[in-house]
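Residue numbers (my numbering): 93 to 494.
Beta carbons: idealized from backbone N, C-alpha and C, even for Gly.
I have placed the structure first, in the form of structure tokens, so that the comments after it can refer back to it.
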């Protein structure tokens, strides 16, 4: 890679990025970023080759430190890389994993140098898959009520308990786990964060089927599962702080700022084929037309706010509270698009399978169902409102009992 020095030549980097993409991005994957979001790690040869190329270059984690294998790019260079990827229909095959979006950044925040050297390079190369062990049957939004136990056995930690809604647990190699290490402490205290090897006899996962036809979540049972003493991330009994930081990283990744990939086809273009045009060349349904324009305005406002938040965060490694605002706005934009898509398709937007429906119509109804989860995962919409209320607007805290 060229040495750009203090004054970064973005056009020179743009040329480098374009040439590298031409040489390494498989044409067969053009516009197929959905492949990378699948929980099952695909063995499709071109996707495997693309994942290896991005991992080796470090551009799957473009701004991560070079010393661990990351790209070492500036935010400006990362934006240029994203622009060039979009132009050719390329996507980041690592961005959809929890290792890149949640665990890796949290390890960089709280990990020892030994933990960073052990865990970050395999994440950067896309060689491991991570899940997050947070929710339990009686500890969802009230996560601090968790009961998973981690007992200090002298030379190791031993874990017993159950987690639920563990995304991708059945495919994961490692888990970022919250467990109770001091049962006598107040519920927000006495919790610690661990890096747990999932490939051991004491770990059992049971997939949970969803109405969308997918099974990305699991119940996860730990029965005398073990981890070495250095599996503790951060300080003992201060895991609530580590866990909150991970959630900030998660929400930042859910704001619609994923690098690469092509934008979806404009809704007005899709609508023309189903609703038709009036004598003035406008969509024939004036009510739908007005709601579509409002949606496009909301989507534009969200995109501009993303850019502003990125500019304000320049040089600040803390995710801050902006992700709570952006997570909700990204949810509204995505869910509204899904609702409008089904509406404009009419009865063709209700197909599940069969020759009466084309591929895009079937994808639309599945995306609509899946999108309902956006209001919940990563912290529910109501939780984000509470964060905005307390930490941004400084309103009184009405969520805690006296």
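In angstroms, rounded to a whole number, what distance separates the CA positions of residue 213 and residue 294?
The residue you call residue 213 lines up with position 121 of the chain shown. The residue you call residue 294 lines up with position 202 of the chain shown. Those two C-alpha atoms are separated by around 26 Å.
Nearest-angstrom Cα distance between residue 120 and residue 149?
The residue you call residue 120 lines up with position 28 of the chain shown. The residue you call residue 149 lines up with position 57 of the chain shown. Whole-angstrom Cα-Cα distance: 20 Å.
Residue 316 by DSSP, collapsed to three states: which one?
The residue labelled residue 316 in the question sits at position 224 within the chain shown. Residue 316: strand per DSSP, three-state reduction.
Quick one: Cα of residue 331 to Cα of residue 269, how far?
Residue 331 sits at position 239 when you count from the first residue of the chain shown. Residue 269 sits at position 177 when you count from the first residue of the chain shown. Their backbone Cα atoms lie some 9 Å apart in a straight line.
Report, in whole angstroms, the separation of the C-beta atoms of residue 236 and residue 286, which I expect to be a contact under 8 Å.
In the chain shown, counting from the first residue as 1, residue 236 sits at position 144. In the chain shown, counting from the first residue as 1, residue 286 sits at position 194. Residue 236 to residue 286, Cβ: 17 Å. No contact.
Under the three-state DSSP convention, the category residue 367 falls into
As a working mapping, residue 367 is identified with position 275 in the chain shown. Three-state result, residue 367: coil.
List the whole-angstrom C-beta distance separating residue 257 from residue 309, where the pair is believed to meet the contact cut-off of C-beta under 8 Å.
Numbered from 1 along the chain shown, position 165 holds the residue referred to as residue 257. Numbered from 1 along the chain shown, position 217 holds the residue referred to as residue 309. Contact holds; Cβ gap of about 5 Å.
Could you tell me the distance, in whole angstroms, from the CA atom of residue 383 to the CA atom of residue 389?
For the purposes of this step, residue 383 is identified with residue 291 of the chain shown, where counting begins at 1. For the purposes of this step, residue 389 is identified with residue 297 of the chain shown, where counting begins at 1. The straight-line gap from Cα to Cα measures roughly 10 Å.
Thinking residue 143 and residue 218 are a contact (beta carbons under 8 Å), I'd like their distance in whole angstroms, please.
The count along the chain shown starts at 1 and reaches residue 143 at position 51. The count along the chain shown starts at 1 and reaches residue 218 at position 126. Going by Cβ atoms, the distance from residue 143 to residue 218 rounds to 5 Å, so yes, they are a contact pair.
DSSP-derived helix/strand/coil call for residue 105
In the chain shown, the residue the question calls residue 105 occupies position 13. Helix, per DSSP.
For residue 443 and residue 156, I'd like the C-alpha separation in whole angstroms.
To locate residue 443, count along the chain shown from 1; it is residue 351. To locate residue 156, count along the chain shown from 1; it is residue 64. Between residue 443 and residue 156, the C-alpha separation is close to 43 Å.
For a quick check, are the C-beta atoms of residue 419 and residue 340 less than 7 Å apart?
One-based indexing of the chain shown puts residue 419 at position 327. One-based indexing of the chain shown puts residue 340 at position 248. Result no, Cβ atoms of residue 419 and residue 340 do not sit closer than 7 Å.
From the DSSP output, read off the bridge partner residues of residue 272.
By one-based count along the chain shown, residue 272 stands at place 180. Note: residue 272 sits in a beta bridge opposite 241, 283.
Per DSSP, what are the beta-bridge partners of residue 224 in this structure?
To locate residue 224, count along the chain shown from 1; it is residue 132. Partner(s): 268.
Determine contact between the stretch 447-460 and the stretch 421-431, defined as no fewer than three beta-carbon pairs at a distance below 8 Å.
yes
Quick check for students: name the residue ranges of the alpha helix (DSSP H) that lie wholly in the stretch 161-211, counting only runs of 4 or more.
167-179, 196-202
When 109, 100, 138, 106 are compared against residue 118, the one with the closest alpha-carbon
If you number the chain shown from 1, residue 118 lands on position 26. Comparing Cα-Cα distances from residue 118 to each of 109, 100, 138, 106, the minimum goes to 138.
Could you tell me the alpha carbon to alpha carbon distance between residue 381 and residue 452, rounded to whole angstroms?
What you label residue 381 is simply residue 289 of the chain shown in a count that begins at 1. What you label residue 452 is simply residue 360 of the chain shown in a count that begins at 1. The straight-line gap from Cα to Cα measures roughly 21 Å.
8 Å contact criterion, which residue 221 and residue 260 should meet: CB distance rounded:
Stepping through the chain shown from its first residue, residue 221 is reached at position 129. Stepping through the chain shown from its first residue, residue 260 is reached at position 168. Between residue 260 and residue 221 the Cβ distance is about 6 Å, and since that is below 8 Å, they are a contact.
Within 10 angstroms of its Cβ, does residue 246 collect 16 or more other Cβ (buried), or is it exposed?
For the purposes of this step, residue 246 is identified with residue 154 of the chain shown, where counting begins at 1. Under this definition residue 246 is an exposed residue.
Rounded to a whole number of angstroms, what is the C-alpha to C-alpha distance between residue 277 and residue 356?
In the chain shown, counting from the first residue as 1, residue 277 sits at position 185. In the chain shown, counting from the first residue as 1, residue 356 sits at position 264. Cα-Cα distance, rounded: 49 Å.
So for residue 299, helix, strand or coil by DSSP?
The sequence position of residue 299 within the chain shown is 207, counting from 1. Three-state result, residue 299: strand.
I believe residue 215 touches residue 169 by the beta-carbon criterion, under 8 Å. Please report the beta-carbon distance rounded to the nearest angstrom.
Counting from 1 along the chain shown, the entry for residue 215 is found at position 123. Counting from 1 along the chain shown, the entry for residue 169 is found at position 77. With 8 Å as the limit, residue 215 and residue 169 do not qualify as a contact, their Cβ atoms being about 20 Å apart.
Residue 394 and residue 416 closer than 7 Å at C-beta
As a position in the chain shown, residue 394 is number 302, starting the count at 1. As a position in the chain shown, residue 416 is number 324, starting the count at 1. Taking 7 Å as the Cβ cut-off, residue 394 and residue 416 do not qualify as a contacting pair.
What are the boundary residues of the beta strand (DSSP E) that residue 255 is part of?
As a working mapping, residue 255 is identified with position 163 in the chain shown. Here the beta strand (DSSP E) through residue 255 covers 248-255.
If I'm right that residue 337 touches residue 201 with Cβ under 8 Å, what's the distance once you round it to whole angstroms?
Taking the first residue of the chain shown as 1, we reach residue 337 at position 245. Taking the first residue of the chain shown as 1, we reach residue 201 at position 109. Between residue 201 and residue 337 the Cβ distance is about 6 Å, and since that is below 8 Å, they are a contact.
Spatial distance of residue 438 from residue 466 (CA atoms)
Your numbering for residue 438 matches position 346 in the chain shown. Your numbering for residue 466 matches position 374 in the chain shown. Each residue's Cα considered, the two are about 24 Å apart.
Answer with buried or exposed for residue 255, where buried requires no fewer than 16 other C-beta atoms within 10 angstroms of its C-beta.
Here the question's residue 255 lines up with position 163 in the chain shown. Buried, since its Cβ has 16 or more Cβ neighbours within 10 Å.
For residue 380, does the three-state DSSP call read helix, strand or coil?
Here residue 380 is taken as the residue at index 288 of the chain shown, counted from 1. Of the three classes helix, strand and coil, the one that applies to residue 380 here is helix, per DSSP.
Answer with buried or exposed for residue 190, where buried requires no fewer than 16 other C-beta atoms within 10 angstroms of its C-beta.
As a working note, residue 190 is residue 98 in the chain shown. So residue 190 ends up on the buried side.
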